[in-house]
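For reference, the structure is listed below as structure tokens.
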Amino acid sequence: MSRSMLLLCQLLVAVVFFGLWQLLTSVPVFGRVLLPPFFFSNPVDVFNQIVAWFASGVIWKHLGITLLESMLAFVIGSTLGVLVGFWFARQPRVAAIFDPYVKMANALPRVVLAPIFALWLGLGIWSKVALGVTLVFFIVFFNVYQGVKEVSATVLNNGRMLGMSERQLMRHVFWPSALSWMFSSLHTSVGFAVVGAVVGEYLGSAAGLGYLIQQAEGVFDVAGVFAGMFVLSAFVILIDLGVTVVEKRLLVWKPDAAEGRG
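In my numbering, the protein residues as written are 996 to 1257.
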């Protein structure tokens, strides 16, 4: 499928979704509206709310705060995940010792941690960043750890036969092997970094997209809730596009799936 055709199909899905939403919230079916606007709003009201936010400029402050929290959580969590993942993969004994504790920490429900971080770090940005880091870290850690462990034994042995040092093996063998796994996790981590920031804002803050959504929910403004969710979704897509650009620059050696089939 060509890129233009793919984009057309994606747009078609959005048009059908919003068309059905508008239809089911405004046109009676068998004498009743299937999706009452009070509970589900409608695309027109949601769009008007988004336009009003951007026209008045009120959204920029909240968007900027959520962006800052999300990017800090993403960068810190990803960096720690990559470093610890490499360390554990190259030190099997250390990995074996800490394995049960890593699994226990990963099993903790993050929502429970949000009030604890707020207590420790206050209601500023760092409690939201900490929550986001706990979400991002484990995704990147497990993928990088697996990526390094999945290095081809043949490639590794050939490198050692050629006299490569550990530093050279890390640069030319382990790092390229882990990159594909790492970027796969980063695409997922983008959303989780934003989720951590927004959940933290929702539970306690004075600004941010989570705060906007919480305020709208408090006055039963369903259009405002959906507007916040759509702005948040667009926000995640833009960050993910940035990750994709970096991925393509770093993985220039990797052939595209289409080329492989050709």
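Each residue gets a CB set at the ideal place from its N, CA and C atoms; glycine is no exception.
No residue range can be given for residue 1037, since it is assigned to no alpha helix (DSSP H) and is classified by DSSP as neither H nor E. Below 8 angstroms, enough C-beta pairs join the stretch 1109 to 1127 and the stretch 1046 to 1066 to call them touching: three or more. The beta-carbon distance between residue 1220 and residue 1208, rounded to whole angstroms, is 6 angstroms. This is short enough to meet the 8 angstroms contact definition. Contact between the stretch 1133 to 1148 and the stretch 1165 to 1182 is established, with three or more Cβ pairs separated by less than 8 angstroms. Cβ atoms of residue 1019 and residue 1030 come within 8 angstroms of each other, at about 4 angstroms. With fewer than 16 other CB atoms across the displayed protein chains lying within 10 angstroms of its CB, residue 1163 is exposed. Just so you know, the alpha carbons of residue 1222 and residue 1235 end up roughly 20 angstroms apart. Per DSSP, residue 1202 is not a residue of any alpha helix (DSSP H), being assigned neither H nor E.
As DSSP reads the structure, residue 1027 sits in a beta bridge with 1024.
Per the C-alpha coordinates, the member of 1215, 1168 and 1089 positioned closest to residue 1035 is 1215. Taken through DSSP and simplified to helix, strand or coil, residue 1164 comes out as helix. In its chain, beyond the 5 residues on either side, 1122, 1125 and 1126 have a beta carbon closer than 6 angstroms to the beta carbon of residue 1112.
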